[in-house]
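In our numbering, the protein residues as written are 174 to 250. All residues carry an ideal CB built from backbone N, CA and C; glycine is no exception. Please read all numbers here as calculations on a predicted model, not as lab measurements.
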């Protein structure tokens, strides 16, 4: 049985059946190095935005509500 994330490329959606896959963070598979790099760039951009958001947050705000999700680039396109 194949893991669901190995069924199709996380960026372009091309089927990965019986082909080499480029893996990122053990959760995402891609058909080419280029697709993998596109996803990594989006992931880094999201991490940087989240880091800036947390820096800008007022020090008196200790509620922990966060004000948004910073878990990655979200669903691959």
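Should residue 183 be labelled buried (16 or more other beta-carbon atoms within 10 Å of its own) or exposed?
-> Label assigned to residue 183: buried.
Would you decide whether residue 209 is buried or exposed? Buried here means 16 or more other CB atoms lie within 10 Å of its CB.
-> By the neighbour-count rule (16 or more Cβ atoms within 10 Å), residue 209 is buried.
Buried/exposed call for residue 189, threshold 16 Cβ in 10 Å | Residue 189 is buried by the Cβ-count criterion.
Would DSSP call residue 184 helix, strand or coil?
-> Per DSSP, reduced to three states, the secondary structure at residue 184 is coil, with no helix or strand assignment.
Looking only at DSSP bridge pairs, what is residue 203 linked to?
-> Paired residues: 195.
Expressed to the nearest angstrom, what Euclidean distance is found between the alpha-carbon atoms of residue 176 and residue 200?
-> Per the coordinates, the alpha-carbon of residue 176 lies some 10 Å from the alpha-carbon of residue 200.
Quick one: Cα of residue 226 to Cα of residue 202, how far?
-> Between the C-alpha atoms of residue 226 and residue 202 there is a straight-line separation of about 29 Å.
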